[in-house]
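Student: Residue numbering for the sequence shown follows our numbering, beginning at 44 and increasing consecutively.
Heads up, the beta-carbon is just placed ideally off N, CA and C, and yes, glycines get one too.
Here the structure is a predicted model, which means the values were calculated and not measured.
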Amino acid sequence: FREASTFTFHEIDLRYGELVPLFKDVEVVFHLAAMAGLMRSWSDFDLYMTCNMGVTQRLLEAARLNGVRHFIHGSTSSVYGRFADGGEESPLEPVSPYGVTKLGAEHLCRAYASNFGLPLTILRFFSVYGPRQRPDMAYNIFIRALLYDEPILIYGDGEQSRSNTFVADCVQGILLAFEKREQSVGEIFNLGGGEVVTINRVLEVLAGLTGKAPRVTYAQARPGDQRLTAANIDKAQCILGYRPTTSITAGLQAQLEWQRALLLVHGAR
Numbered sequence: 044f045r046e047a048s049t050f051t052f053h054e055i056d057l058r059y060g061e062l063v064p065l066f067k068d069v070e071v072v073f074h075l076a077a078m079a080g081l082m083r084s085w086s087d088f089d090l091y092m093t094c095n096m097g098v099t100q101r102l103l104e105a106a107r108l109n110g111v112r113h114f115i116h117g118s119t120s121s122v123y124g125r126f127a128d129g130g131e132e133s134p135l136e137p138v139s140p141y142g143v144t145k146l147g148a149e150h151l152c153r154a155y156a157s158n159f160g161l162p163l164t165i166l167r168f169f170s171v172y173g174p175r176q177r178p179d180m181a182y183n184i185f186i187r188a189l190l191y192d193e194p195i196l197i198y199g200d201g202e203q204s205r206s207n208t209f210v211a212d213c214v215q216g217i218l219l220a221f222e223k224r225e226q227s228v229g230e231i232f233n234l235g236g237g238e239v240v241t242i243n244r245v246l247e248v249l250a251g252l253t254g255k256a257p258r259v260t261y262a263q264a265r266p267g268d269q270r271l272t273a274a275n276i277d278k279a280q281c282i283l284g285y286r287p288t289t290s291i292t293a294g295l296q297a298q299l300e301w302q303r304a305l306l307l308v309h310g311a312r
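1. When you compare the CB positions of Thr119 and Ala211, do they come within less than 9 Å of one another, or not?
2. Pick from Trp85, Gly160, Arg83, Val71: whose alpha carbon is nearest that of His116?
3. Would you report the Cα separation of Asp128 and Tyr198, rounded to the nearest angstrom?
4. With the cut-off set at 9 Å, would you say Thr208 and Leu249 are in Cβ contact?
5. If I measure Cβ to Cβ from Asp179 and keep anything under 7 Å in the same chain, skipping five residues before and after, which residues do I get?
6. Are the Cβ atoms of Gln203 and Leu246 separated by less than 9 Å?
7. In chain order, which beta strand (DSSP E) runs of at least 3 residues are fully inside the stretch 184–230?
8. Rounding to the nearest angstrom, what Cα-Cα distance links Ser133 and His309 in this structure?
9. What are the start and end residues of each continuous beta strand (DSSP E) run of 3 or more residues lying completely inside the stretch 49–118, in chain order?
10. Using a C-beta cutoff of 9 Å, does Cys213 count as contacting chain C?
11. Which value, in whole angstroms, describes the spacing of the CA atoms of Thr93 and Gln298?
12. Look at the alpha carbon of Thr241 and the alpha carbon of Gly201, and state the distance between them as a whole number of angstroms.
13. Using beta-carbon positions only, say whether Arg153 and Val138 come within less than 9 Å of one another.
14. Tell me, which residues are paired with Ala262 by DSSP?
15. Per DSSP, Val240 is paired with what?
16. In terms of alpha-carbon separation, which member of Leu196, Arg175, Arg58 lies closest to Gln302?
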């Protein structure tokens, strides 16, 4: 893809690289780079601070200096805390270092909007899954375990609920924020899927799709884990026309097929 004629690819470390020249003549910035992952944020907090807050500030400054017309910032439901089931005005009480740094990045965005008039939109993503999901994320791990007949470890009782967002639905929301700039600038939107399911239910669906019974062991819940995410997407539906369409079964089927293809071609785990 680096040789595609429709864009120019720059390989650069956003923590240290020179960003201002890269933003010359750029009209819109989609800031989707971050250091993700819950557990590592407890042990590598400096790295999360640098990547999630420091990098965001550097991008905002480069955007300001170049007169960028729209800065779209990707955030997370983790800013809400253990329970994320309300609208965008719900209390922000993150319970993990990851969530804290992502909330800090949001505050930096607001500071640049307030002080310099930078036109920006904040999008809070809820549990994005599907083809090309990161290998450290739960559904990728579950599918690999089923394909390799390996045991599955669940932290907690498995009844924690997630408002999963299929990757194509997430992309739809991002593009709508871009296309409807006049309506989205200055706003925050939750982007989630239309279903809320427990982790145990996800395993049931995957068992049906693979024809294999998962061998599950339950362990103590991890510090900072969210108990419930149920995306309230009323605002995104009303203002942006956002309509997630992918069911959890269809989304998991797509991810399963992608991981199976990787296994067949590369033997990738």
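Tutor: Looking at the coordinates:
1. As a position in the sequence shown, residue 119 is number 76, starting the count at 1. As a position in the sequence shown, residue 211 is number 168, starting the count at 1. Contact: no.
2. Within the sequence shown, numbered from 1, the residue matching residue 116 stands at position 73. Closest option to His116, Cα to Cα, is Val71.
3. Here residue 128 corresponds to residue number 85 of the sequence shown, with the count starting at 1. Here residue 198 corresponds to residue number 155 of the sequence shown, with the count starting at 1. Taking the straight line from one Cα to the other gives about 21 Å.
4. Residue numbering aside, residue 208 sits at position 165 when the sequence shown is read from its first letter. Residue numbering aside, residue 249 sits at position 206 when the sequence shown is read from its first letter. The criterion of a C-beta distance shorter than 9 Å is not satisfied by Thr208 and Leu249.
5. Along the sequence shown, read from residue 1 onward, the residue named residue 179 stands at position 136. Excluding its 5 nearest sequence neighbours in each direction, Asp179 has C-beta neighbours in its own chain below 7 Å: Gly80, listed in chain order.
6. To locate residue 203, count along the sequence shown from 1; it is residue 160. To locate residue 246, count along the sequence shown from 1; it is residue 203. If you check the CB distance, Gln203 and Leu246 do not come in under 9 Å.
7. Given a length threshold of 3 residues, each whole run of the beta strand (DSSP E) inside the stretch 184–230 is given here in chain order: 195–198.
8. On the sequence shown, position 90 is the one that residue 133 refers to. On the sequence shown, position 266 is the one that residue 309 refers to. C-alpha separation (whole angstroms): 45 Å.
9. Fully enclosed beta strand (DSSP E) runs of 3 or longer: 71–74.
10. The question asks about chain C, but that chain is absent: this structure has only one protein chain.
11. For the purposes of this step, residue 93 is identified with residue 50 of the sequence shown, where counting begins at 1. For the purposes of this step, residue 298 is identified with residue 255 of the sequence shown, where counting begins at 1. Whole-angstrom Cα-Cα distance: 31 Å.
12. Locating residue 241 in the sequence shown gives position 198, counting from the first residue. Locating residue 201 in the sequence shown gives position 158, counting from the first residue. Between the C-alpha atoms of Thr241 and Gly201 there is a straight-line separation of about 7 Å.
13. Residue numbering aside, residue 153 sits at position 110 when the sequence shown is read from its first letter. Residue numbering aside, residue 138 sits at position 95 when the sequence shown is read from its first letter. In this structure, Val138 does not lie closer than 9 Å to Arg153 by Cβ.
14. For the purposes of this step, residue 262 is taken as the residue at position 219 of the sequence shown. Its beta-bridge partners are Tyr198.
15. By one-based count along the sequence shown, residue 240 stands at place 197. Per DSSP, Arg205.
16. As a first step, residue 302 is located in the sequence shown; it is residue number 259 there, counting from the start. Closest by alpha carbon: Arg175.
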